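S.K.:
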Amino acid sequence: MATSIAERPLVELRGVSKRYGDLLANDRIDLALHRGEIHALLGENGAGKSTLVKILYGVVEPTAGDIVWEGRHVTIASPVEARRLGIGMVFQHFSLFDQMTVAENVAVGLSGADSLKDVRARLVEISRGYGLGLEPDRAVWTLSAGERQRIEIVRCLLQDPKLIILDEPTSVLTPQEAEALFETLERLASEGRAILYISHRLEEVRRLCRSATILRAGRVVATVDPRARSAREIAALMVGSDVGEVKPHGPSGGGGEAALSLRHLTLPPAEPHQWGLKDIELTVCKGEIVGIAGVAGNGQGELFAAISGEQLAPRPENVIIAGRACGRIGIDGRRRLGAAFVPEERLGHAAVPSHRLSDNAVLSHHASGDVVRGGLVRFSAARRLARAIADTFDVRTPERDPLARQLSGGNLQKFAVGREIIRRPALLVVNQPTWGVDAGAARLIRQALVDLAGEGAAVLVISQDLDELFEIADRIAVIHSGRLTEARPRAAWTREAIGLEMLAAGEEPAEAAHAA
Amino acid sequence: MTAFEAILLTIVTASTPLLIAAMGELVAERSGVLNLGVEGMMAMGAACGFAAAVTFDSTIIGIAVGVLAGTAMAGLFALAVLGLAANQVGSGLALTIFGLGLSGLIGAPFVGARRDPVSPLAIPGLTDLPGVGRLMFGQDAFVYFSLALTVAVALFLGRSRSGLTLRAIGENHASAHALGLPVLRTRLLALLFGGACAGLAGVYLSLIYTRFWSPGMTAGRGWIALALVVFAAWRPAYALIGAYLFGTATVLQLHAQAGQIGLPAQLLSAAPYVATILALVLLSLGRGRAIGAPGSLGQPFVPER
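Just so you know, the protein sequences line up as chains A and B, in that order.
The first sequence maps to residues 1 to 516 in the numbering used here.
The second sequence maps to residues 1 to 305 in the numbering used here.
1) Should A:Pro161 be labelled buried (16 or more other beta-carbon atoms within 10 Å of its own) or exposed?
2) Please classify B:Cys197: does DSSP put it in a helix, a strand, or coil?
3) Starting from A:Val478, trace the beta strand (DSSP E) in both directions and tell me its first and last residue.
4) So that I know if they touch, is there some Cβ in chain A lying closer than 8 Å to that of B:Arg167?
5) Determine the chain A residues that contact B:Leu164 at a beta-carbon separation under 7 Å, and present them in chain order.
6) What residue range is occupied by the uninterrupted alpha helix (DSSP H) comprising B:Tyr144?
7) Is there a C-beta anywhere in chain A that falls below 8 Å from the one on B:Ala256?
8) Measuring straight from C-alpha to C-alpha, what distance separates B:Arg221 and B:Ser146?
9) Looking at the secondary structure, which residues open and close the alpha helix (DSSP H) in which B:Cys48 lies?
10) Considering only their Cβ atoms, is the gap separating A:Val417 from A:Ile445 smaller than 8 Å?
11) Could you pull the start and end residues of the beta strand (DSSP E) that B:Phe110 belongs to?
12) Mind checking which residues open and close the beta strand (DSSP E) that includes A:Lys18?
13) Per DSSP, what are the beta-bridge partners of B:Ile11 in this structure?
14) Residues of chain B with CB closer than 7 Å to the CB of A:Leu96, please, in chain order.
15) Going by C-alpha to C-alpha distance, which of B:Ser58, B:Val143, B:Ile61, B:Val203 sits closest to B:Ser103?
16) Residues in the same chain with beta-carbon distance under 7 Å from B:Pro294, minus the five sequence neighbours each way, listed in chain order, please.
17) Between which two residues does the beta strand (DSSP E) carrying B:Leu84 extend?
18) Going straight from the alpha carbon of A:Leu23 to that of A:Asp394, what length do you get?
19) Going by the DSSP bridge assignment, what does A:Trp69 pair with across the sheet?
20) Could you pull the DSSP bridge partners for A:Ile289 from this structure?
21) Compare the Cα-Cα distances from B:Gly99 to each of B:Leu226, B:Phe110, B:Met73, B:Pro264 and report the closest residue.
22) Identify the continuous alpha helix (DSSP H) that holds A:Met238 and give its terminal residues.
23) Let me make sure I understand the geometry here. Which of A:Gln159, A:Glu257, A:Arg187 has the alpha-carbon closest to that of A:Leu427?
24) Decide yes or no for the touch test of the segment 31-49 of chain A against the segment 215-225 of chain A: beta carbon pairs closer than 8 Å, at least 3 of them.
25) For B:Ala14, which residues of its own chain have a beta-carbon under 7 Å away from its beta-carbon, when the five flanking residues on both sides are left out?
26) Please identify, using Cβ separations under 8 Å, the residues of the segment 116-146 of chain A that lie next to chain B, in order along the chain.
27) Out of A:Leu385, A:Gly409, A:Ala442, A:Arg405, which one is the CA nearest neighbour of A:Glu420?
28) Please report the distance separating the alpha-carbon of A:Gln311 from that of A:Ala270.
29) Could you give the distance in angstroms between the alpha-carbon of B:Ala51 and the alpha-carbon of A:Leu347?
30) Report buried or exposed for A:Asp465, applying the criterion of at least 16 other Cβ atoms within 10 angstroms of its Cβ.
31) Since A:Met502 is in the alpha helix (DSSP H), which residue starts that stretch and which ends it?
32) Whether or not the segment 21-28 of chain B and the segment 321-336 of chain A are in contact is what I'm after, with contact meaning three or more pairs of Cβ atoms, one per stretch, closer than 8 Å; do they touch?
33) Would A:Leu185 and A:Ile289 qualify as a contact pair, given that the criterion is a beta-carbon distance under 8 Å?
34) In chain B, what lies closer than 8 Å to A:Ser78 by C-beta?
35) Pick from A:Leu452, A:Glu233, A:Thr213, A:Glu147: whose alpha carbon is nearest that of A:Lys247?
36) Can you round the beta-carbon distance between B:Thr186 and B:Leu166 to whole angstroms, since I take them to be within the 8 Å contact cut?
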């Protein structure tokens, strides 16, 4: 009968479990996805979302349980098999190959025998059709996080899947782009495809999804209609207790003395496809949080590097920290002036993956503080420092002093931010403080930033997450193609106005390189 | 034949084994496996190939056995680094030491034996052309094979779908696995190909280049091939240039030593290395990260299940 076919789920997980040693990553998970449904999968880091998704995509083999695909029991032994069934995946940690071009990256993820030329043509077509704007012949290592995510999305769409799994897909999009993606997803769902949507942005899930499965500690704790619940209720289900909101830091909001000033800061692009910086003007005062919004790859990385001293400015007076012109001073010199910096990449930039937390603590504290004395590292002090950071910022560690890579993203980010805040800096510059971090950790980090500003420090937050900036920033500026708008009070902005600034038509990066 | 022509001919014969071994190693490294055992695989190819050729009085059988010996050595290496996820640097060094030792044992009864020269290609008319005739159309089959191999490897890596898969696996094996690409199988095939090439390069040394066998006759050519791959930035065309440059410098410094030009012999012996490194460094200048090593090179891969 037609009705029974329509009601039969496209895919059903029954009692799926996955055990890693002592850890039960998935504990008897039941999940059913129907054609035309956009279903959210919610949970904190470590709740078992990734494991479940990997099982569904054939990367990981379940220890127990059944997968029923279109009414048939199946074993999904590999991603190739998953794709053959009609399951497509957009990864959160990009499964891209840096040295290869966009077209090659897409082709390598397709199981068919299409020639690279055909793939390239279809890529251009789909990229244009969904407004994703990808150049097929660019090498991936020259692209921003946002552009990389779009490659993943196009790669998935090229397979014409029946089930699409998206892991945190909007974290790098402007509101307009996210809205366009939602429309795309709704269109895909109306074509009869099922979509499994993993996100920590609850407002977005409530906007897009009619059903949501919430995981906690490897178990399904609830399956709800997210539109019928408030974001706060859902967050409480995810973490098992009330998350609460970030408490504002009181009325100080600006007006203090300038802690950081950028004056006519101009940098040529370091690589041919980057923006460089163009005549940046910005002041961050004591006691305020200034947010910089923008789509990934518009000069945020360059701006961060110029402020931190990883990239020196042409003249000393381009960058003024604590009243001192320090454009030609390196990162240690700027730290000694009371500044602290948290870069975007947790693993590899903020922390050395294969080093212990105590060693990683030394890395940003060696120039100031007392972990290094007479050229020798005091390991006991470093371990105490790492412990203090972990205790203060609720960094959950599998052992006492683990390797950085053993931590989950949220915990490592708490460590990276905490490591700087614990020094009580007069100026803190953070790039993407909560990118890919769960709701609990994100709230803790935002609260810590707000508290730091409340104590009188100047805080500069570079973020692609507009919700975040509206929640914590006193003033907001927008960066696009290496130019920065004036920083205006939060109340003077609407989301739409920021979105328009983010998209403001700039010249092409190649032309910018010519001009420089 | 003029002296100049003779020099050009020796340059080609000196460069060919380096090129063949380097092509094999290049493919293995592009798949993400660093095999430092090239010298050992070459030594085994030279010894086994020579022994078989003398025993059965057949150059063809000698070549086949040499290639098989190199492949078998690579299989042993694959068992360690792919099957058991052992450290690649340690396993590779062990493979070289093992290969040099075992080749001495296998080749011992054949010290002093000689093979007749293999007749080079002869195309009536073309080969007799003055100047370029011998050089272009009068080489042995290995030379043409090595050039064809270079073109084939370049096309395979740059144009074919399997080549794309292999590069992706070498670039980031975790991502490749997540996409369902066969990481270990591809690496096994790449290693075996590298072993076969090293074996062939070895057999070329003992059957064509010197036509006798002596212990340690590979004389570091395996290491040169390895270095060529790195300095060629993992690109077949640059490896070709590098191999011929090294061959040229080797032959020229021999002539310079014989010609008593007044420079210490040690300095002249070092010249090929310096020249090759310099030239390849100049080639790779100014291309930024685009010349980087394969991202997963040297890292063991254990699939997550």
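Idealized CB from N, CA, C, for every residue including glycine.
None of the values given here were measured: they were computed from a predicted structure.
M.R.: Put simply:
1) A residue is called buried once 16 or more other Cβ atoms fall within 10 Å of its Cβ, and A:Pro161 is buried on that count.
2) helix
3) 475-480
4) yes
5) Glu104, Ala107, Val108
6) 141-159
7) no
8) Cα to Cα, the separation comes out at about 16 Å.
9) 38-56
10) yes
11) Note, B:Phe110: premise wrong, no beta strand (DSSP E); not H, not E.
12) 11-20
13) For B:Ile11, DSSP assigns no beta-bridge partner whatsoever.
14) Within 7 Å Cβ-Cβ: Ser175.
15) B:Val203
16) Glu29, Arg30, Gly32, Gly170, Glu171, Trp234
17) Segment: none, B:Leu84 is in no beta strand (DSSP E) and carries neither H nor E.
18) 21 Å
19) Note: A:Trp69 sits in a beta bridge opposite A:Val11, A:Arg72.
20) A:Val459
21) B:Met73
22) 231-239
23) A:Glu257
24) yes
25) Gly247, Thr250, Val251
26) Leu116, Ala139, Trp141
27) A:Leu385
28) Roughly 10 Å separates the two Cα atoms.
29) Cα to Cα, B:Ala51 sits roughly 54 Å from A:Leu347.
30) That one is buried.
31) 495-503
32) They do not touch, by the three-pair rule.
33) no
34) Gly180
35) A:Leu452
36) 6 Å
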